[in-house]
Amino acid sequence: FPELRVDLYNLNPEDENGKIYFGELTFTSLGGLMTYFTPEFLKKAGALFSIKDFKKKV
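Residues 36 to 93 in the numbering used here are what the sequence shown lists, from first letter to last.
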């Protein structure tokens, strides 16, 4: 594969000893690109969601 995206998550960025969690590997070029949504729409839609209180045990 000519490119690879690795998704990593820091669920508690304030904690300098926090854990980094692996999300996924994406092998497709431009995977998830949504050219039919404007940047303004994506910003408004993203503002509706919060993961602040979400905690997952791994």
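Beta carbons are placed, not taken as given, at the ideal position from N, Cα and C, and that holds for glycine.
Just so it is clear, the structure is predicted and the values come from calculations on it, not from any experiment.
Under 8 Å between C-beta atoms of residue i and residue j
i: isoleucine 55; j: leucine 43; result: yes
i: asparagine 45; j: glycine 53; result: yes
Residue i, DSSP secondary structure in three states
i: glycine 53; result: coil
i: leucine 60; result: strand
i: phenylalanine 89; result: coil
i: proline 74; result: helix
i: alanine 82; result: coil
Opposing strand residues paired with residue i [DSSP bridges]
i: asparagine 47; result: According to DSSP, asparagine 47 bridges with nothing at all.
i: aspartate 42; result: Glu59
Presumed contact (8 Å Cβ cut-off) between residue i and residue j, rounded CB distance
i: valine 41; j: leucine 60; result: 6 Å
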